[in-house]
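So the sequences go chain by chain: X and W.
According to the working numbering, the first sequence is numbered sequentially starting from 1.
According to the working numbering, the second sequence is numbered sequentially starting from 203.
Here is the structure we will look at, set down as structure tokens.
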Amino acid sequence: MNETVPATGAVNRLIQELNKLPGIGPKSAQRLTYYLLRAPEEQVRLLAEAMLSVKQTTRLCSVCFNVTDSDLCFVCRGDRRNHSKICVVEQPQDILALEHTRIYDGLYHVLHGALSPTEGIGTGDIKINELLLRLRNGSVDEVILATNTNLEGEQTAMYLSKQISPLGIKVTRLARGLPFGTELEYADDVTLTRAIEGRQEF
Amino acid sequence: MSNPRNYQTEAIIIKKTKLGEADRILTLFTPHLGKIQAVAKGVRRPKSKLAGHLELLTHSLVSLARGHNLDVITGSQTINGFLLLKSDLWLTSCALYLAELVNQFTADHQENYSLFQLLLATMQRLEQPGNNELLLRYFEVHLLSEAGYRPQLHQCVVCHTTLQPMTNTFSSSAGGVLCPECGEDQSMASPLSVNALKVLRLLQSDDYPTVSRLKIDSSLARELDEVLRDYLRYLLEREIKSVAWLDTLRKQMREKTLLPELSTAREDTG
């Protein structure tokens, strides 16, 4: 539909740009465009500025590669953090999820991806060497592998474990078991096996 | 097609791509329906009932409903989750390589029952102790036969004379072995030793229990790897992505930068 409309006029241009965003189809793009057209100019200006500044001022933390607007991210800057623990995650969003629990007080390391041989993502494409360098320099005594529990995440965790253990650092993996609020009946074999293996005294 | 709206099939999940916020498109390799693509709704959410049964390299019984474009997965039950394989970095990587090859060499909806059996058997054999480099070669040779690219190993592809026990030439573009005379002015060809030819013939015609008793030294293993790799690459007209990763792991295992227990399954590679 959208291809037949020529890219002339500010309205069509905005529709096409919005259409490129994830989860926004042609109809949603139209709806947003006409909403913005009617919205107060001040609101639209704030949105435009916010979008620009997210690109211009954010960068990656020089220590853990989390997104930040200064040299160090809010975790690495924090003075109450335990610097002897590093939690390895695949993407910055995972840090937000873990921080929300308020239970972890150590540092993080963002890999920005996971090893995926079939997609051609190898050790050089994600921040693995940076992590190893960080471990060799620092005084870390535990690395918590918090990559996703799918095949790529598991592979990445196995690879990291092989690389880190020789450095004499304790390597742990997040427990894998039943998610809260689900029924046992529908659990798959892998999850159940891990849940039984990792059971704890109650 | 006058097919029922809902159907059930065994399948091995050989590829997955993200779709939208929480969905995935899975590539399933099935015994009787060939390779099919299907949508798995909501499997990227943590509470998904399907997700664990639809991970890559899982052998599952899958229920599907016909959709407009792609079929939609409505249920799944694991038959074999290949847990042993998935808890070993090297074996997982090997299995991903098998899955990538199957995906590249098959077309949608083309039934290939024996290739399904070959993939399943090879994944099971990866979980047994043994020489899994040789197992990969066995898989490659039989995959080529199943896909219609069985290399000619008994007579010269050009002049049809029976090959003599001497160093011949393997030509990817000709799809087989050339005698020394015909192979002389071939550009896309590499020399093939007598032993390598013998092993290739054995791989092609014998069953795995016989093949697995072979003892192969490292230089011969490398030659076989190179010949088959060139041929596969020539046929696909592209690099096989997981090969680069296998090479990285091989190199690290040789240099012992990875801990030894990773390489236990490969001890007799020499």
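Where is the CB? At the ideal position from N, CA and C, for every residue including glycine.
If you drop the 5 nearest sequence neighbours on each side, which residues of the same chain put their C-beta closer than 8 Å to that of residue i?
| i | result |
| --- | --- |
| V429 (chain W) | F372, S392, L394, A398, L402 |
| V89 (chain X) | I95, L98, Y108, H109, V110, L111, A146, T147 |
| L422 (chain W) | S395, N397, A398, V401 |
| V245 (chain W) | A224, D225, R226, L252, A253, L256 |
| K170 (chain X) | D141, E142, V143 |
| Y410 (chain W) | A323, R327, L337, Y340 |
| R136 (chain X) | L167 |
| S465 (chain W) | Because S465 (chain W) sits at a pLDDT of 40, beneath the cut-off of 50, its placement in the model cannot be relied upon, and the following sentence gives the value as read from the coordinates. Around S465 (chain W): W292, M455. |
| E457 (chain W) | none |
| R77 (chain X) | S70 |
Just checking: is the beta-carbon of residue i within a distance shorter than 7 Å of some beta-carbon in chain X?
| i | result |
| --- | --- |
| K159 (chain W) | There is no way to answer for residue 159 (chain W), as the model of chain W reaches only from 203 to 472. |
| K249 (chain W) | yes |
| A229 (chain W) | The question names Ala, yet the displayed sequence has Thr at residue 229 (chain W). By this cut-off, T229 (chain W) is not an interface position. |
| S444 (chain W) | yes |
| E223 (chain W) | yes |
| G244 (chain W) | no |
| T471 (chain W) | The predicted position of T471 (chain W) is uncertain, since its pLDDT is 38 and thus under 50; a value taken from the coordinates is nonetheless stated next. Not closer than 7 Å to any Cβ of chain X, the Cβ of T471 (chain W) fails to qualify, so no. |
| E439 (chain W) | no |
| A467 (chain W) | Any reading at A467 (chain W) is ruled out, since the residue's pLDDT is 41, under 50, leaving its predicted position unreliable. |
| E302 (chain W) | yes |
| L298 (chain W) | yes |
Excluding sequence positions up to five away, which residues of its chain have a Cβ less than 6 Å from the Cβ of residue i?
| i | result |
| --- | --- |
| Q354 (chain W) | G378 |
| D510 (chain W) | No answer is possible for residue 510 (chain W): the residues shown for chain W start at 203 and end at 472. |
| K288 (chain W) | T294 |
| S28 (chain X) | none |
| L131 (chain X) | H109 |
Any idea which residues DSSP pairs residue i with across the strands?
| i | result |
| --- | --- |
| G236 (chain W) | W:T232 |
| D273 (chain W) | W:A240 |
| T211 (chain W) | W:V264 |
| I15 (chain X) | None, per the DSSP bridge assignment. |
| R59 (chain X) | X:T68 |
| D449 (chain W) | Answer is none; D449 (chain W) lacks a bridge partner. |
| V88 (chain X) | X:H109, X:L145 |
| N334 (chain W) | For N334 (chain W), which the question treats as bridged, DSSP gives no partner whatsoever. |
| K394 (chain W) | The amino acid occupying residue 394 (chain W) in the given sequence is Leu; Lys does not appear at that position. Paired residue(s): W:N370. |
| G153 (chain X) | For G153 (chain X), which the question treats as bridged, DSSP gives no partner whatsoever. |
| G378 (chain W) | W:Q354, W:S373 |
| S116 (chain X) | X:I121 |
| V214 (chain X) | Because chain X here runs from 1 to 202, residue 214 (chain X) falls outside it and cannot be looked at. |
So that I know if they touch, is there some Cβ in chain W lying closer than 7 Å to that of residue i?
| i | result |
| --- | --- |
| L151 (chain X) | yes |
| T118 (chain X) | yes |
| P179 (chain X) | yes |
| G23 (chain X) | yes |
| Q200 (chain X) | no |
What in chain X is Cβ-close to residue i, meaning under 8 Å?
| i | result |
| --- | --- |
| H261 (chain W) | What H261 (chain W) touches in chain X: nothing, since even the nearest Cβ is about 11 Å away. |
| G254 (chain W) | A187, D188, D189, V190, T191 |
| K217 (chain W) | T118 |
| K288 (chain W) | L151, E154, V190 |
Taking Cβ-Cβ distances shorter than 9 Å, what residues in chain X pair up with residue i?
| i | result |
| --- | --- |
| G283 (chain W) | D188, D189, V190, T193 |
| L280 (chain W) | Per the sequence presented here, residue 280 (chain W) reads as Thr, with Leu not at that position. The contacting residues are D188, D189, V190. |
| L258 (chain W) | T118, N150, L151, E152 |
Which residues in chain W have a C-beta closer than 9 Å to the C-beta of residue i? List them in chain order.
| i | result |
| --- | --- |
| M51 (chain X) | Those do not exist, as M51 (chain X) stays about 21 Å from chain W at its closest Cβ, beyond 9 Å. |
Please compile the residues from chain X whose C-beta is within a distance smaller than 7 Å of the C-beta of residue i.
| i | result |
| --- | --- |
| S295 (chain W) | P117 |
| H270 (chain W) | Residues of chain X passing the Cβ test: none, with the nearest at roughly 16 Å. |
Report the neighbours of residue i on chain W: residues whose CB is nearer than 8 Å to its CB, in chain order.
| i | result |
| --- | --- |
| Q155 (chain X) | L291, T294, S295 |
| Y159 (chain X) | L291 |
| T123 (chain X) | T450 |
Taking 7 Å as the limit between beta carbons, can you name the residues of its chain near residue i, skipping five residues before and five after?
| i | result |
| --- | --- |
| G177 (chain X) | T191, R194, A195, G198 |
| P462 (chain W) | Unreliable placement is indicated for P462 (chain W), whose pLDDT of 43 sits below 50; the coordinate value is still reported in the next sentence. Cβ within range, chain order: n/a, list empty. |
| S316 (chain W) | E348 |
Output, in chain order, the set of chain W residues within a Cβ distance shorter than 7 Å of residue i.
| i | result |
| --- | --- |
| T182 (chain X) | K249 |
Would you please verify whether the beta carbon of residue i is less than 7 Å from any beta carbon of chain A?
| i | result |
| --- | --- |
| D79 (chain X) | Looking for chain A here will not work: the only protein chains present are X and W. |
Discussion item. Tell me whether the stretch 182-192 of chain X and the stretch 278-296 of chain W touch, counting them as touching only if at least three CB pairs, one residue from each stretch, are closer than 8 Å.
Written reply: Flag = yes, the stretch 182-192 of chain X and the stretch 278-296 of chain W touch.
Practice prompt. Could you say if the stretch 289-297 of chain W and the stretch 205-217 of chain W meet the contact criterion of at least three C-beta pairs nearer than 8 Å?
Written response: Taking a cut-off of 8 Å on C-beta distances, the stretch 289-297 of chain W does not touch the stretch 205-217 of chain W, as fewer than three cross pairs fall below it.
Worksheet item: Is the number of C-beta pairs between the stretch 382-390 of chain W and the stretch 351-371 of chain W that are closer than 8 Å three or more?
Response: Contact holds: three or more Cβ-Cβ distances are below 8 Å.
Worksheet item: Using 8 Å as the threshold, is the stretch 114-121 of chain X in touch with the stretch 59-68 of chain X, meaning 3 or more CB pairs across them?
Response: Short answer: they don't touch.
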